[in-house]
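To start, the structure itself, in structure tokens.
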Amino acid sequence: MTLILGRKQGMTQLYAEDGTLTGVTVVSAGPCVVTQVRSKDKDGYDAVQLGYEDVPDTRVAKPQLGQYKKVGVAPKRFLREERLTDAAKVAVGDTLTAAIFQVGDVVDVVGTTKGRGFAGTIKRHGFHRGPETHGCMNVRQPGSIASRRIGKIPKGKRMAGHYGVERCTSKNLRVVRVDLERNLLFVSGAVPGPVRGFVLVQSAKTARKRGAATQPSKIEAKKAEGKKK
């Protein structure tokens, strides 16, 4: 698995050789420095810790600053640890750039969604509106939230509340272009988070291989049997 940290720079459009237009998100990927490598023998699991964007020593807590000085790496603004099966292939101090990705790679992009403050059930959960005629007063109200018998609101009830600022993953996005000079990745589709927001780009975990044999559904199997008869 390959992964890198970066910032979302915005969206644009790119033309392919056949003339098709694709909406892409521009991500400034790296350079990232490996600040720590965890092994299964010592820590119980394999993982790698990456740092992105240098910051002054005054912007980092003293325990973290001591860790950076111990490995000889400048303090970083964005620090993230992720599980990695082949963590032994990298060492502390190694630098990762956009060159680890190629055009056509399928990736997952993890980011933090935009904060939208306190929102109602229509905006937050997609509830339907109430009737708006004949003097109806519950146009945007959520309606009943529990019965009288239980006497309380059940856990997990979808209600109004804070919306956004949550970890979100856009899966199976395709790398359309790689700019090695500026360390930019052009990824198809949208990426969670605002412009200049931190993101994690990693190889897709559930990507389907093209041309792989898939199990036909029951409906498709019945149609195939009918054609044979």
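Last residue of the sequence shown: 233 in this note's numbering, with the numbers rising by one and none dropped. The beta carbon of each residue, even a glycine, is placed where N, CA and C say it ideally should be. This structure is a prediction, so every number in the text was calculated from the model and none was measured.
Supposed close pair residue i, residue j - CB separation, criterion 8 Å
i      : j      : result
Leu83  : Ile8   : Not a contact, Cβ separation roughly 14 Å.
Thr125 : Pro146 : 4 Å
His129 : Arg162 : 5 Å
Spatial distance of residue i from residue j (CA atoms)
i      : j      : result
Lys12  : Val37  : 19 Å
Val107 : Leu189 : 9 Å
Arg120 : Ala164 : 12 Å
Lys118 : Gly168 : 5 Å
Ser174 : Gly115 : 8 Å
Gly14  : Cys140 : 43 Å
Gln17  : Cys172 : 23 Å
Tyr72  : Ser43  : 19 Å
Gly76  : Ala102 : 23 Å
Gly97  : Ala20  : 37 Å
Ala78  : Ala65  : 13 Å
Gly23  : Val110 : 21 Å
Lys156 : Ile149 : 9 Å
Arg200 : Glu229 : 54 Å
Local conformation of residue i per DSSP, three classes
i      : result
His166 : strand
Glu229 : helix
Asp58  : strand
Ile8   : strand
Residue-level contact to chain D via CB, residue i, 7 Å cutoff
i      : result
Ile154 : The displayed structure is made up of one protein chain only, and chain D is not part of it.
Status (buried if at least 16 other CB within 10 Å, exposed otherwise) for residue i
i      : result
Arg214 : Because the pLDDT at Arg214 is just 49, under 50, the model does not fix this residue reliably, and the value given afterwards should be weighed accordingly. With fewer than 16 other Cβ atoms within 10 Å, it is exposed.
Phe122 : exposed
Gly55  : buried
Leu68  : The residue you asked about is not Leu; residue 68 is Gln in the sequence shown. Looking at its Cβ environment, which holds fewer than 16 other Cβ atoms inside 10 Å, Gln68 is exposed.
Pro60  : exposed
Ser151 : exposed
Gly27  : exposed
Contact test: residue i Cβ vs the ligand SAH heavy atom, cutoff 6 Å
i      : result
Gln145 : What this structure holds is no ligand at all, so the ligand SAH is not there to describe.
Go through the region 66-114 residue by residue and report every complete run of the alpha helix (DSSP H) that reaches 4 residues or more, in order. 66-75
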